[in-house]
Each structure stands twice: as structure tokens, then as C-alpha cells.
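Notes for the one structure printed next.
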Amino acid sequence: MEDFITFFSFQDPNIRYVVAGSILIAVSSAIVGCFTFLKKKALVGDAVAHSVLPGICLSFILTGTKNPIYIIIGAFVTGWISLILIDYITRFSKIKEDTAIGLILSVFFGIGVLLLTMIQHNGNASQTGLDSFLFGKAAALVGYDLLIFSIISIILLLAVILFFKEFTLISFDENFAKSIGFPVKRLELVLTTLTVLAVVTGIQAVGVVLMAAMLITPSAAAKFWTNKLNIMLILAAVFAAFSSISGAFISFTSPSMPTGPWIVMVISIIALTSFFFAPRHGILYNIIKQRSIKKRILHENILKLFYQLGERENDFNASRSIDNILEKRTIKLGALKPGLRHLTKQGFLSKNKNFWTLTTEGKTKGQRIVKLHRLWEVYLTKYLRIAPDHVHEDADNIEHFLTPELEKRLENLLNYPESDPHSSAIPYDQITS
Amino acid sequence: MDTLYIISTGAIVAITCGVLGCYLILKKMAMVGDAISHAVLPGIVIAFLLSGSRDSVTMLLGAGILGVLTTFLIEFFHTKGSLQSDASIGVTFTWLFALGVILISMYAGDVDLDQDCVLHGEIAYVPLDLWILPNGSIMGPRTLYISGFVLILVLLFVIIGYKELYITTFDPAFASAIGISTVLWHYLLMGAVSLTTVASFESVGAILVVSLLIAPPATAYLLTENFKKMLWLTAFTGMLVSILGYYLAVWIDGSIAGAMSSVAGLFFLLALIFSPSEGIIAKKLRQQKLQPNNS
Amino acid sequence: MIVNVENPVLEIHDLTVTYSRKPVLWGVDLTLPKGSLVGIIGPNGAGKSTLIKAAMDLIPKSSGWVEIFGEDLKKVRKKISYVPQRESVDWDFPASVRDVVVMGRYADIGLFKRPRKADYEAADYALKQVKLSEFSNRQISQLSGGQQQRVFLARALAQQADLYFMDEPFAGVDAATEKAIINILKQMSEQGKTVVVVHHDLQTVTKYFDWLVQLNTRLVASGPIEQVFTQELLQETYGGKLTLLSDVSTLMHTQQLPVRDKT
Ligand SMILES: Nc1ncnc2c1ncn2[C@@H]1O[C@H](COP(=O)(O)OP(=O)(O)OP(=O)(O)O)[C@@H](O)[C@H]1O
Ligand SMILES: [Mg+2]
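Protein chains in written order, with my numbering: chain A, 6 to 438; chain B, 1428 to 1722; chain C, 7 to 269.
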């Protein structure tokens, strides 16, 4: 708790700067990442992230210092080369894109590791910390370095704001953008440059291996909550900022914990939560929704049964027991009983001891389902030419889904037929009321 | 002797990876291989913690299962969560890899693994870790035996299932149509890839294993149009990669695994330029031959 | 106009297929007579490929069942052959023409066994039938589109099946090759084999087929060519979707409604 207060009061200027810096870095990666995500180039970002390693090592070998400016230039150069190579290989040979990405990614990384170990074995004193690029060093980012990377992040954010409209268009519909005369090639160049820059800064926080997560995961998570690009960007930024604060906090409280992997862990947990629980797109949400549809179908089927029984005996007000119902159609008792209870509570049925009776509302509803069933059967035989003995099952399903608007259209299209293909009368409101 | 041990371990790992890589790149699943190789890390750490040692079947199994689970998760997020497949790969493997690194830091005292080893392995230490029988006789490096065992498994797999793997890779729809289960062979292949990455992990690490999975097969793919030849060429390239990689590493005093993937990359580059059928030069020449007719 | 036959080779009952809950085939009921050469026509996206795939159990059905030779598909798989659309495979794959054609024998060879000499002979004979013998060792990437199509056909022939499903075997094929292929198909149907072909060219329908299936999400017609190849039915097949039906299927897609619910 004490840690919590010390950390979040941001009294310590060190903490303040580190947190502000890593948030900036994470947010800019996430924002640029949204566009690479939408362009389905997520893994290309991964390739760039691995490919900057040899650049970093080379610039260290050449200059002998860890000055961030040189490091950035070196990283930028090999990052770009990797992209050009991937593009070249896929375009001019039969090698497919995924192979080209994996190849460049691993080979560049291998060269980087070779150079890195070479530097380490040479025992150059100032090299210590070069391997922090592997897993990042967000918590240790201070002074000059922090300043430089924060400035780059701000430039990235400004560039995205400036080109917002253009990037949006080329991410969604490149051909359309081309057709209305956008300089698509040049814009893509800008976007790619921004991606490389985002990677170069992002690896400061999480390192080359996990950099892909900073580009992909926030946008993947955000995509589950919205279909609007601007909201997606904001959400991705918020998720990234939150995870980077959490990562910084965790390694503040227990210094042996690596910041980068924790940032990735937090953002991944956000993403996994979104996959499962986000409304509309979430996996669990869909399961629950299917359940509720099933329930609705069950309830409507029970009312339909009551109506059909009433029709058969010409007595809609009769009380019926569970046995009466099951005699017409088998429904699992485990589902039927709660169904009856629910319908009684909703006022569609009234209960007396172990007998249930249709209320007026219940009858109207049951009647509508029966009508839709029979109308759909007529539609299937007439328009889909399905034999009368094959239409029942489909109608049993569709009857639950037709909206009032479709219901009207169906009635008009078929011109209020009197009976279904099995010559059961179709009950319209006008006739019974 | 040590040199021989290192080179032969490297060659065995490279051949195993390469053979499976041939199927991966033809199935356009190279990046899934990449994802698996990262994602087995937590499996390795957990198996480590449970069994308390490196040399256990538990470890191969645990991490192998995790590899298959990764494949499954990627599929799951893609189909059930309608997440585009590249993002699904990226999210899944970074998450699992981060988990692995965190576990390593948490149990740093108990786990004889460090972050560097994870990234590029330590094939140079192979000769140090010997398999010693209870009666005291020294059998040679333990890692050599493990990778040799996995190589035999993989070879048996591709020999026995040659026909099935071939057809499910080339034309999955036709394969299912004639009653060969694509799903089964897919997961068997992914299981084999996981097993291989785990077995290669200590020697070459999580990421460089990817270059052995992809680079030699891609090189062979450019050099031949016959699948069997592609397999042989891959194995041969893998062997060369191990030998040249070792001497390169010794020469510049760097990581052997890093040197191996650099050499593998170099071979690919050479094939890309000089391949008689697919190479840049060959294509240029062919174009020039055509030019006079056109103009 | 849907004509049904006794003892059909293929019987499809109440088949509905959905992609992410959007029905692309709706309530298809169909029987095909033995030994016929059947054409399936319909506009792009009508569900022709889907019908074939569902009949072969390559994709899940939302409702309905399929019987072939009066039996469940699993029992008769070996007697059925499938020629996919040409774009469905990667032609850069390292395989020779002969390699691909031998794949037709894989079902008979059985699990884990290698192709034998007889299998290679069958493959070579099939190659001869489609006039590709001289290309037998050629890499498949070095073939023209029409030749690639013939490789697929040879693979199907090598399978020596009794029922053939072919998805657009004439796509990208020149007139001479098309004629050669159709002659082979006619021979096959004379030998009592049933051949089902997805076709796009309305000009040649009457010349090629003796039975015609017209499809546009729902089954519009199925019957002997002279009965169902009528202006009126073609109009219905190609005249666009049924608006009400497609609105209902859009609703099912957007609301993720189940196609069949068993309560
Ligand atoms: N894998 C899939 N996922 C989602 N929708 C699909 C898939 N495959 C096909 N569809 C859709 O299903 C419908 C029917 O497709 P199908 O391929 O069966 O059409 P087709 O009649 O063969 O068309 P074509 O003449 O173009 O080959 C199309 O609207 C198509 O967009
Ligand atoms: Mg089709």
C-alpha cells in the first residue's frame, strides 16, 4: 500500500519522468499500430522489431557509444532494409509473404545476436546495457535518452493527427484512395516510416522480442469494443497507457520483475478480457446471446403449443397440465418447467395448481408464431419450390425471427393466403378479433 | 571432440527443424511456427519447476502440449473471436512469451535458465552437460541424445506419414474429400514442430530456431521443384549451416546460434540471386533473351 | 420445376449451409439419376461450390443430410471424386504432374502405404486420357491454366470413382481442350458413371449435359435438360435474389441467429 501511494503520488521526479516517458512511448506505438493492424500488416511490425537489433549493434560498433541518436539511426536503417527485403522477396520470387517475414525476422535477429555477443565478448566497458534492447528497460530510461524518445513519440502522435484522414482511407480502402487521386504510395511510405520509428522507440520499453505486442495487442483489444476508428485509437491509447503504468508500478514494487514483459502481460490480459467479454464481438457475449435466443425460442414454442392445442380442441381457454403439453411435442422437462414459470411471471400464462391457461396476451403471441410458421411454409413451397413435407422444420426456426416489418411484407407478398400447404388455416388478427 | 559435439548437435537440430519447416512454408504457416517457438517458453519453465530438472520427458511433453495449444488458440481467436489471423498470431505468442519471461524472473533461483539463453541458447555449452550412466561411464552430451531422439521421431513421422502430409499440404480439400483428415495431420505436424522447438531450445533458443525452421527450406524451395529433393537439400543446407556457423562464430568470437542463422540467411541470399531456375540472375537473363523478340 | 428420380445416385435432403450464420444455400432438396452428366448453373455466389463441398462433407451443414448410392457418405467416400476449383491450390508447390495425379490413388492405397507400380500405371493411363503424357514429369508451375485443369481431371480419373464432382473444370480452358474434356466426361457417363459439373457457359449447356441443376441460394430447378432449360427458369435463376429471402438471411447474419434450433 505504501508503495502504491509513493508511486502514484508521483512525488519522486524520477518516477514521474519514467512513467510519463513510457506512457508516451506505449501510446505512440499503439496508435501507429492501429493502422498497421487495419492494413493487416501486424506481423510486419514484428519483423521490423527484430530487424533493428543488428542496426543497434552496428551503430555501437561504429561509434563506440550508446548515444540514442546513433542508435536510432542504426535501428532505423536496418528496420527499413528488412521491410524492403520482405517486399522484394515476395514480389520477385515464389516465396510467400509469411515465409519472407519469418525469414527476414529470424535472420536479422540472428545477425544482431551474433554482433551483440561479439561486442560482449570483446569486453568493451561501455557496452553494458546494450542487451537491454532485448527485453527493454522502461524503468531505467532516464535523462537524455528519455527526452529523445519522448520527443520522437510526440512527433509520431502529431504525424498521425496530421495525416489522420489519409491514413484512415488507405487503411480501409486502398484502391478507393488511389481512385480519388490520393498519393497512396507516398502516404504508405510515411506510414511505414512512422511504424519503423514507433518500433525504434517502442523497443526502449519492451525490447525487440515483445515489441510486436505493443503494436498489435492494443489495437486488437480495442477493435472488440468499437467499429469506429477514432474510438478505436483512443481505446488503444488508453489500454497501452494503463498497461505501461502497471508495468512500471510492478517493477517499482519488486525490482527483480522485468518491466517490458509485465507491460505486455497487462495489455494481453486486457486483450483476452476483451476477446471474451466485450459486448457485440466478445466470445462469451455471443455465447450468452445464443442462450437467450434459445430461451426465447423455447418460450415462444410453449405458447405456440398452447395455441395449437387450443386450436385442435377449439378451446383456447382450457387449462393444461405438463402431460397435455408433452403429448403434443417433446420438450425436456428441465427446460419446460422454468419456461412455464417464466411465461406465467410475464403474464402470458396463468397458473392454477398444476395447470396452466393461456392469457389473452399469451394467445396473441402464440397465434402470431403459428401464423408466421404457416406463412413461411407457404413462402417456401411457393418461392423456393420446396416440397410441402419438407418445409416444416425450416418454418419451425424462422417463425421466431421474422420482424414485424418482414411479417407485413410476407403477408402482402403472399396476399394473405387462407391456409398453409398442409391445409391448416392461417390465423390472422382480423379474423379472430 | 567438443567441436564435433557442437557441430553435430547443430546439424541435428538444423535438419529436424528444416524437414518440418518444408511443410510449414508450403502450408503458408511459417509465422505459426514462429509463434509456437516463442510460446513454448512458459511450458518449458513450468515443466522445469515441476520436474526440477532439465532432462525430462515432462519437459518435452509439457512444452509440446503448449505448442499445440498455441496453434489451437490462434485458430480459436481467429474463428470464434473473428480476429484477423496475423493479429491472432501476434497477440498469442507475445502473451505466452511474456508469461515465460516473467516466470523465469519469478523463479530465477529455481530455474536454471536465463533470458539470454532463451533468446539464443547456448550450444557452446553442449559438451559440458554430459550424460553419465549410474556406473560412471560417460555417454557424451545429453543434448545430443535428446535432439537425436527427436530427429528420429520426426523422420519416422514424415516417412510413415509421407503421403498424408504431402496431400494435406498441397490440397487439403481434396485430401478431406478422399477421407484423409486434414485436422488430424495438421495438429500432428504442429505437435512435431512444438517438440522440435523444445528440443532445440537449449541449443539455439526461441528465435533462432525460427531461422532454422524457415531459412533452409526457403533456400531449398528456390533451388528445386521436387518435394523430395527439397527435403534432402534442406537437410544438406542445415548441415552446412551448422558447420560454417560454428567456424564463423569461433572466428569472430560470437554466439554460435547467431552465426548459424546468419549463415542460413546468407545461403538464402545466394539462392535468391543464383538459383538456376528462380534466381534473380537467371530471370534477368531469360528476360534479356526475350527482349529482342519483343522489340 | 424440380424433378425427382427413383434410386438416385445422390440425394440431398433439406440442405441448408451457412457461413457465419448467413445462409448461402437454403432448403435444397435434390435427387440425381445414375449415369447422368449433370450441369450446375447459377450466378456468381449462388452457392454452386458450396453445394458440392457440402455434398462431400467438406464444410458443415446447418441442416439436412446427403446420401450417395443410398448410403452415408463415409461408407462410399472412395467411390467419389472431387475436382476443386483450380485457384484452390498453390501451383508453385514442388510437385510434378505425375505426383499430383498419383494422389488420386491415395484413397485406395490406404493409410501409411506407398503407391505401387499399378498406381503409377493408373496415373499414367489417366494422363494419357487427358493428353498430358508428355508433361508427366513437368513441374505443375510450368503448365498453362488449361493444362493445370487437365491435371486435376486426370487425378480424378485415376481415382476410378463412380461419382464425380467437378467445380468449373472448363474455367480458363481453350475450346479444343474443352471439347476433349467433355468427350471424356461423356464416355464416363456412358460407362454408367455420374458426373456433376459446375458450369458457367449457357451457350453450351444443352450440348454438354443431360440433366441440369439451377441454383441461386435456393434450388430453382433440377431435371432433364429439355424440361428445365427454359427461358422462364433461367430468368428466375439469374434474375437476382429473392428480396425477402435475402433480407431474412441478412437478418440472421447480423443478429447471429441460429439456423436450426433443436429444443
Ligand atoms: N469461406 C467462406 N466464408 C464466408 N463466406 C463464404 C465462404 N465461401 C463462400 N462464401 C460465400 O458464400 C456464397 C456462395 O459461395 P460459392 O463459392 O458457393 O459460390 P459459387 O456459386 O461457387 O460462385 P462462383 O461462380 O463465383 O464460383 C458467396 O456469397 C460467398 O461470398
Ligand atoms: Mg464456385
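Just so you know, even glycine gets a beta-carbon here, dropped at the ideal spot from N, CA and C. Please read these numbers as outputs of a predicted model, since none were measured by experiment.
Below-7 Å beta-carbon distance, Ile1683 (chain B) vs any chain C residue: Residue mapping note: residue 1683 (chain B) aligns to position 256 of the second sequence, counting from 1. It does not: the Cβ of Ile1683 (chain B) has no partner Cβ on chain C nearer than 7 Å.
Any non-hydrogen atom of ligand 1 closer than 6 Å to Thr51 (chain C) Cβ: Taking the third sequence and counting its residues from 1, the one referred to as residue 51 (chain C) is at position 45. At residue 51 (chain C) the sequence reads Gly, which differs from the Thr that was named. Taking non-hydrogen atoms of ligand 1 into account, the C-beta of Gly51 (chain C) is found less than 6 Å away from one of them.
Chain A contact for Ala1619 (chain B) (CB, 7 Å cutoff): Looking up residue 1619 (chain B) in the second sequence gives position 192. So, not an interface residue.
When B:Lys1716, B:Ile1670, B:Ile1683, B:Thr1623 are compared against Gly1448 (chain B), the one with the closest alpha-carbon: Taking the second sequence and counting its residues from 1, one reaches residue 1448 (chain B) at position 21. When C-alpha distances from Gly1448 (chain B) are compared across B:Lys1716, B:Ile1670, B:Ile1683, B:Thr1623, the shortest belongs to B:Thr1623.
Whole-angstrom C-beta distance between Thr83 (chain A) and Val57 (chain A), which should lie under 8 Å: For the purposes of this step, residue 57 (chain A) is identified with residue 52 of the first sequence, where counting begins at 1. For the purposes of this step, residue 83 (chain A) is identified with residue 78 of the first sequence, where counting begins at 1. Sure, about 6 Å apart at Cβ, within 8 Å.
Nearest-angstrom beta carbon gap, Val195 (chain A) and Phe168 (chain A) [assumed within contact, 8 Å]: Along the first sequence, one-based indexing puts residue 168 (chain A) at 163. Along the first sequence, one-based indexing puts residue 195 (chain A) at 190. The pair is a contact, with the Cβ atoms about 6 Å apart (cut-off 8 Å).
Contact the region 244-260 of chain A vs the region 283-299 of chain A: 3+ CB pairs below 8 Å: Not touching, per the Cβ criterion.
Residues near Asp1556 (chain B) in its chain [Cβ-Cβ closer than 7 Å; skip 5 each side]: By 1-based counting over the second sequence, the position of residue 1556 (chain B) is 129. Once the five neighbours on either side are set aside, the close Cβ partners of Asp1556 (chain B) are Pro1568, Arg1569, Thr1570.
Range of the contiguous beta strand (DSSP E) that encloses Gly229 (chain C): Sequence index remark: in the third sequence, residue 229 (chain C) carries index 223 (1-based). Counting along the chain, the beta strand (DSSP E) containing Gly229 (chain C) begins and ends at 224-230.
Proximal residues, the region 1455-1488 of chain B versus chain C, C-beta separation under 9 Å: Here the close residues are Lys1455.
Beta-carbon neighbours of Ile221 (chain A), restricted to chain B and to distances below 7 Å: Taking the first sequence and counting its residues from 1, the one referred to as residue 221 (chain A) is at position 216. Under the 7 Å cutoff, chain B gives Ala1514, Gly1517, Val1518.
For His378 (chain A), the first and last residue of its enclosing alpha helix (DSSP H): Counting from one through the first sequence, the residue named residue 378 (chain A) turns up at place 373. Taken as a continuous stretch (DSSP letters only), the alpha helix (DSSP H) holding His378 (chain A) covers 365-388.
Residues of its chain near His286 (chain A), where Cβ-Cβ distance is below 6 Å and the 5 sequence neighbours each way are ignored: The residue you call residue 286 (chain A) lines up with position 281 of the first sequence. The beta carbon of His286 (chain A) sits closer than 6 Å to the beta carbons of Phe229 from its chain, once the five residues preceding and following it are set aside; these are given in chain order.
Residues near Ala1633 (chain B) in its chain [Cβ-Cβ closer than 7 Å; skip 5 each side]: Position 206 of the second sequence holds residue 1633 (chain B). So the list reads Ser1464, His1465, Leu1468, Val1545, Leu1546, once near-sequence residues are dropped.
Residue span of the beta strand (DSSP E) that contains Asp20 (chain C), given as start and end: Locating residue 20 (chain C) in the third sequence gives position 14, where the first residue counts as 1. From DSSP, the beta strand (DSSP E) with Asp20 (chain C) extends over 16-25.
Residue-chain proximity (Asp399 (chain A), chain C), Cβ-Cβ < 7 Å: Indexing the first sequence from 1 puts residue 399 (chain A) at position 394. Yes, Asp399 (chain A) counts as interfacial toward chain C.
CB contact below 7 Å: Ile1679 (chain B) versus chain C: Residue numbering aside, residue 1679 (chain B) sits at position 252 when the second sequence is read from its first letter. It does not; no Cβ of chain C falls within 7 Å.
Per-residue contacts from Ser69 (chain C) into chain B (C-beta, under 8 Å): Numbered from its first residue, the third sequence carries residue 69 (chain C) at position 63. Simply none; closest approach about 21 Å.
Neighbour-count burial assignment, Trp1409 (chain B), 16 or more Cβ in a 10 Å radius: No information on residue 1409 (chain B) is available, as it lies outside the stretch 1428 to 1722 that chain B covers here.
From A:Ile288, A:Lys46, A:Leu63, A:Ile77, residue whose alpha carbon lies closest to that of Asp3 (chain A): Since the first residue shown for chain A is 6 and the last is 438, residue 3 (chain A) is missing from the structure and cannot be characterised.
Sheet register partners of Phe12 (chain A) (DSSP bridge): Taking the first residue of the first sequence as position 1, residue 12 (chain A) is located at position 7. Residue pairing of Phe12 (chain A) in beta bridges, as defined by DSSP: absent, with no partner found.
Val383 (chain A) beta carbon less than 7 Å from that of Asp320 (chain A): Sequence index remark: in the first sequence, residue 320 (chain A) carries index 315 (1-based). Sequence index remark: in the first sequence, residue 383 (chain A) carries index 378 (1-based). Result no, Cβ atoms of Asp320 (chain A) and Val383 (chain A) do not sit closer than 7 Å.
Stretch pair the region 120-127 of chain A + the region 1679-1692 of chain B: three plus CB contacts closer than 8 Å: Under the Cβ criterion (8 Å, minimum of three pairs), the region 120-127 of chain A counts as touching the region 1679-1692 of chain B.
Closer than 7 Å to chain B by CB, Ile100 (chain A): Residue 100 (chain A) sits at position 95 when you count from the first residue of the first sequence. Closer than 7 Å: yes.
Member of A:Val396, A:Trp381, A:Phe311 whose CA lies at the smallest distance from the CA of Phe406 (chain A): Here residue 406 (chain A) refers to the residue found at position 401 of the first sequence. Among A:Val396, A:Trp381, A:Phe311, the Cα nearest to that of Phe406 (chain A) belongs to A:Trp381.
Opening and closing residue of the beta strand (DSSP E) in which Tyr170 (chain C) lies: Translated into positions along the third sequence, residue 170 (chain C) becomes position 164. Per DSSP, the continuous beta strand (DSSP E) segment holding Tyr170 (chain C) begins and ends at 169-172.
Extent of the continuous alpha helix (DSSP H) to which Met237 (chain A) belongs: Numbered from 1 along the first sequence, position 232 holds the residue referred to as residue 237 (chain A). Run containing Met237 (chain A): 234-258, per the alpha helix (DSSP H) assignment.
Proximity test, Lys59 (chain C) beta-carbon vs ligand 2 heavy atom, cut-off 6 Å: If you number the third sequence from 1, residue 59 (chain C) lands on position 53. Ligand 2 never approaches Lys59 (chain C) closely enough for any of its heavy atoms to be under 6 Å from the residue's Cβ.
Per-residue burial, Ser326 (chain A) [other beta carbons within 10 Å of its own, 16 or more giving buried]: Translated into positions along the first sequence, residue 326 (chain A) becomes position 321. Ser326 (chain A) comes out exposed.
Beta-ladder partner(s) of Gly45 (chain C), from DSSP: Position 39 of the third sequence, counting from 1, holds the residue named residue 45 (chain C). When DSSP reads this structure, Gly45 (chain C) sits in a beta bridge with C:Val203, C:Leu218.
Under 8 Å by beta carbon: chain C residues contacting Ile403 (chain A): In the first sequence, counting from the first residue as 1, residue 403 (chain A) sits at position 398. Under the 8 Å cutoff, chain C gives Val254.
Partners in chain A for Val1553 (chain B), counting only beta-carbon separations shorter than 9 Å: Indexing the second sequence from 1 puts residue 1553 (chain B) at position 126. Within chain A, no residue comes near Val1553 (chain B); the closest Cβ sits about 16 Å away, beyond 9 Å.
For Ile431 (chain A), the first and last residue of its enclosing alpha helix (DSSP H): Residue numbering aside, residue 431 (chain A) sits at position 426 when the first sequence is read from its first letter. Premise fails: Ile431 (chain A) is in no alpha helix (DSSP H) and is neither H nor E.
For Gln197 (chain C), the three-state DSSP class (helix, strand or coil): In the third sequence, counting from the first residue as 1, residue 197 (chain C) sits at position 191. DSSP places Gln197 (chain C) in coil when its eight states are reduced to three.
7 Å Cβ cutoff met for Ser142 (chain C) and Val106 (chain C): Along the third sequence, read from residue 1 onward, the residue named residue 142 (chain C) stands at position 136. Along the third sequence, read from residue 1 onward, the residue named residue 106 (chain C) stands at position 100. No. Outside cutoff.
Lining residues of ligand 2 - beta-carbon closer than 7 Å to any non-hydrogen atom, in sequence order: The set, ordered by position in the chain, is C:Lys54, C:Ser55, C:Gln91, C:Asp173, C:Glu174, C:Val204.
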